[in-house]
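*Asks:*
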Amino acid sequence: MPRSEFHRELSVAASPETSWTTLTDVPRLVGWVGIVEDAVELDPLAHYTAVLMDRLGPFKLRADLDIVVSDVVAGESLRVRAEGEDRQVGSRLQIEATMALAPQEGGTKVAFDGSYEVTGKVASMGSGTINKKAEKIMGDFFKAAQAELGAA
48 MPRSEFHREL SVAASPETSW TTLTDVPRLV GWVGIVEDAV ELDPLAHYTA VLMDRLGPFK
108 LRADLDIVVS DVVAGESLRV RAEGEDRQVG SRLQIEATMA LAPQEGGTKV AFDGSYEVTG
168 KVASMGSGTI NKKAEKIMGD FFKAAQAELG AA
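When the letters of the sequence shown are read in order and numbered with this note's numbering, they come out as residues 48 to 199.
1. Assuming contact is defined by CB atoms lying nearer than 8 Å, are Ala199 and Val59 in contact in what I supplied?
2. With a CB to CB cut of under 6 Å and the five nearest residues on each side skipped, what residues in its chain are close to Gln141?
3. By DSSP's criteria, Thr96 is part of a beta bridge. Which residues make up the other side?
4. With three or more C-beta pairs closer than 8 Å as the rule, is the stretch 89 to 106 touching the stretch 172 to 180?
5. On the three-pair Cβ rule with 8 Å, is the stretch 91 to 100 touching the stretch 109 to 117?
6. Hey, how far is the Cα of Pro91 from the Cα of Thr71?
7. Could you tell me whether the Cβ of Ala170 comes closer than 8 Å to any Cβ of chain B?
8. Start and end of the alpha helix (DSSP H) containing Arg75?
9. Could you check which residue in Leu196, Gly197 and Ala191 has the C-alpha nearest to that of Val77?
10. Do Glu88 and Ser162 come within 8 Å of each other at the CB atom, strictly closer than that value?
11. Note the first and the last residue of the continuous alpha helix (DSSP H) segment covering Ile184.
12. Is Val136 helix, strand or coil by DSSP?
13. Grab me the residues of Phe188's own chain with a C-beta within less than 6 Å of its C-beta, minus the 5 sequence neighbours each way, in chain order.
14. Using C-beta distances below 6 Å, list every residue in its chain close to Ala145, excluding the 5 sequence neighbours before and after it, in chain order.
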């Protein structure tokens with residue numbers, strides 16, 4: 048499956064400082080993404096592990112994720128790369144994303160840019176099915192972020 052790209056922006060009422068603190072609180076973020084469990088902080092704002100568990104069509108996925116955070120500019124931006132493999136199903140996934148915060152009147156603008164790629168047997172479900180699932184997951188995440196940080 049070719050890489051799929053995404054771009055989302057949120058305008059939130061929270062200050063940049065509060066937004067940064069909230070959006071880098073990994074246990075809180077895990078609660079926003081229903082398919083991710085067992086997040087473990089190995090090195091704050093640098094290295095984590097987690098387990099992705101989901102069902103996509105006939106496939107029941109369980110992938111151990113290795114998550115690396117880099118290019119951190121405290122309070123402003125960071126880059127995340129997560130990759131994992133479900134050996135039982137024979138599929139890999141890779142996610143790369145950046146988050147950037149900027150002050151704006153009445154709060155903060157938060158921008159997320161990135162891409163994801165699913166390969167192996169799960170990719171046989173087709174990009175439409177995978178993209179639909181990814182959109183739902185991202186939608187849930189951004190809805191939770193908006194609720195937590197307040198609408199601007």
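Note that the Cβ used here is the ideal one computed from N, Cα and C, for glycine as well.
In this text, all values refer to a predicted model and were calculated from it rather than measured experimentally.
*Replies:* According to the structure shown:
1. Yes; because the gap between Cβ atoms is below 8 Å, this pair is in contact.
2. Cβ within range, chain order: Glu130 and Glu164.
3. Assignment of beta-bridge partners to Thr96 by DSSP yields Val87 and Asp113.
4. Yes, since at least three Cβ pairs between the stretch 172 to 180 and the stretch 89 to 106 fall closer than 8 Å, the two stretches touch.
5. Short answer: they touch.
6. For the pair Pro91 and Thr71, the Cα-to-Cα distance works out to about 9 Å.
7. Judged by its chain identifiers, the structure shown contains no chain B, having just a single protein chain.
8. Counting along the chain, the alpha helix (DSSP H) containing Arg75 begins and ends at Val73 to Trp79.
9. Comparing Cα-Cα distances from Val77 to each of Leu196, Gly197 and Ala191, the minimum goes to Ala191.
10. Judged by their CB atoms, Ser162 and Glu88 are not nearer to each other than the 8 Å cut-off.
11. For Ile184, the enclosing alpha helix (DSSP H) has its first and last residue at Ser174 to Leu196.
12. Coil.
13. Within the same chain, Cβ atoms closer than 6 Å to the Cβ of Phe188 are found at Trp79 and Val80, the five residues on either side in sequence being excluded.
14. For the sequence presented, residue 145 should be read as Thr rather than Ala. Closer than 6 Å at Cβ, skipping near neighbours: Arg126 and Asp160.
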